[in-house]
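Everything on this sheet refers to the single structure shown next.
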Amino acid sequence: MKKHKIIYGNWKMNHGRKTAIDFFSNLPDLNEFSEVLKGICPQSALLSDPSLYELAQSKGVMLGAQNCSSEIEGALTGENSAALISELGARFVLLGHSERRQIFSEEDEVINQKIMTALSQNLQVVVCVGETLHQRNESMTLSVLDTQLETCLHGVENALEKYRGEMKLPLMIAYEPVWAIGTGEVASIEQIIDAHSHIKNKLGRLGLESRDIPILYGGSVKPSNAQEILKQKEVDGALVGGASLRPDQFTELCRTALG
Ligand code: PGA
7 MKKHKIIYGN WKMNHGRKTA IDFFSNLPDL NEFSEVLKGI CPQSALLSDP
57 SLYELAQSKG VMLGAQNCSS EIEGALTGEN SAALISELGA RFVLLGHSER
107 RQIFSEEDEV INQKIMTALS QNLQVVVCVG ETLHQRNESM TLSVLDTQLE
157 TCLHGVENAL EKYRGEMKLP LMIAYEPVWA IGTGEVASIE QIIDAHSHIK
207 NKLGRLGLES RDIPILYGGS VKPSNAQEIL KQKEVDGALV GGASLRPDQF
257 TELCRTALG
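In terms of our numbering, the numbers along the sequence shown are unbroken and rise by one, the last being 265.
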């Protein structure tokens with residue numbers, strides 16, 4: 007069976023309600039691209055808007071969250087619980103994005119707690135990992151990926167046991183070199199293949215070899231470079247920031263993912 011490719015968009019703190027509705031209204035019906043799994047992560051407040059789900063769903067696109075709390079509930083002003091995100095109808099959540107790591111000081115340990123909490127609430131989790139430019143220049147890329155995966159995925163094997171056969175693809179990894187995010191500088195195909203192969207091997211060493219865990223690439227993916235990246239067998243899809251904000255570019259990326 008042909009494997010699905012994945013195109014997930016991360017809108018970050020862009021698009022308010024009106025422009026989000028405009029985006030989906032102007033998006034062609036992507037249901038025909040049934041071999042591509044399509045998702046968009048808007049700002050969290052928009053996840054409580056039922057009309058947005060309706061519109062997105064009518065175009066074949068799932069909604070996801072950009073983050074969630076590590077706790078189930080409690081006195082945590084400003085946080086969004088995985089339970090509520092799931093209850094509202096979001097299907098997946100990005101965790102450990104480099105902007106969360108760098109600007110909000112999220113460490114691998116807290117990302118691990120978030121992953122466990124999100125999985126317990128039936129949210130598909132996309133775990134973001136990747137090295138900084140300094141780490142790459144110091145030849146630390148692979149060891150950084152190892153550390154991030156070891157800590158972030160601690161205990162996940164058991165959590166996934168519960169989902170065997172229930173949720174399709176409960177876990178994905180997004181390899182996002184920090185220096186390629188929002189910079190226009192995309193990693194080379196060799197760098198991407200290297201990192202993805204390493205991540206796949208590491209997942210095996212973490213006892214997850216029997217799981218279907220797609221590995222996405224993220225970092226300045228756009229229609230002009232997507233084909234070269236997505237055609238690699240090591241690349242299961244893309245996590246896209248800037249280019250996911252425009253309906254024409256998002257559509258083009260989904261078309262490219264069809265191969
Ligand atoms: P970018 O962002 O595509 O704008 O580089 C990717 C991301 O932050 O996931």
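The beta-carbon is built from N, C-alpha and C at its ideal position, and this holds for glycine as well.
If you check the C-beta of A263 against the ligand PGA, you find no heavy atom less than 8 Å away. Remark: C-beta atoms of L125 and L177 approach each other more closely than 9 Å.
Per DSSP, the continuous beta strand (DSSP E) segment holding K11 begins and ends at K11 to N16. Closest by C-alpha distance to I121, out of I109, L90, L166 and L33, is L166. Secondary structure of I187 (DSSP, three-state): coil. With a cutoff of 9 Å on beta-carbon distance, G225 and E191 are scored as near each other. Annotation for L101: the continuous beta strand (DSSP E) segment containing it runs F98 to L101. K44 sits in a strand when the DSSP states are folded into three classes. Nearest neighbour of L155 by Cα position, chosen from N118, V241 and D242, turns out to be N118.
At a cut-off of 3 residues, the continuous stretches assigned as beta strand (DSSP E) that sit fully inside the region 84-125 are 98-101. Approximately 7 Å separates the beta-carbon atoms of M173 and Q130; this is inside 8 Å, confirming the contact. Between A201 and L264, the CB-CB gap reaches or exceeds 9 Å.
Boundaries cannot be given for L52, as no alpha helix (DSSP H) includes it and DSSP labels it neither H nor E. Around the beta carbon of A51, a 10 Å sphere encloses fewer than 16 other beta carbons of the protein chains shown; the residue is thus reported as exposed.
Sixteen is the threshold: since fewer than 16 other Cβ atoms of the shown chains lie within 10 Å of the Cβ of P56, the residue is exposed. Residue pairing by DSSP puts V133 in a beta bridge opposite L101 and I179. Unbroken alpha helix (DSSP H) stretches of 4 residues or longer found wholly inside the region 188-249: 195-209 and 229-236, given in chain order. By the Cβ test, the region 31-44 is not in contact with the region 83-90, since fewer than three Cβ pairs between them sit closer than 8 Å.
In this structure, E234 has its beta carbon at no less than 8 Å from each heavy atom of the ligand PGA. With respect to the C-alpha of K208, the residue from A249, D254 and V135 having the closest C-alpha is V135.
Contact between A96 and A62 is ruled out by a C-beta separation of about 10 Å, above the 8 Å threshold. Remark: the shortest separation between the CB of T138 and any heavy atom of the ligand PGA does not fall under 8 Å.
DSSP, reduced to helix, strand and coil, places A165 within a helical segment of the structure shown. When the beta-carbon positions are compared, R261 and F29 stay at least 9 Å from each other. Distance from the CA atom of G22 to the CA atom of R211, rounded to whole angstroms, is 42 Å.
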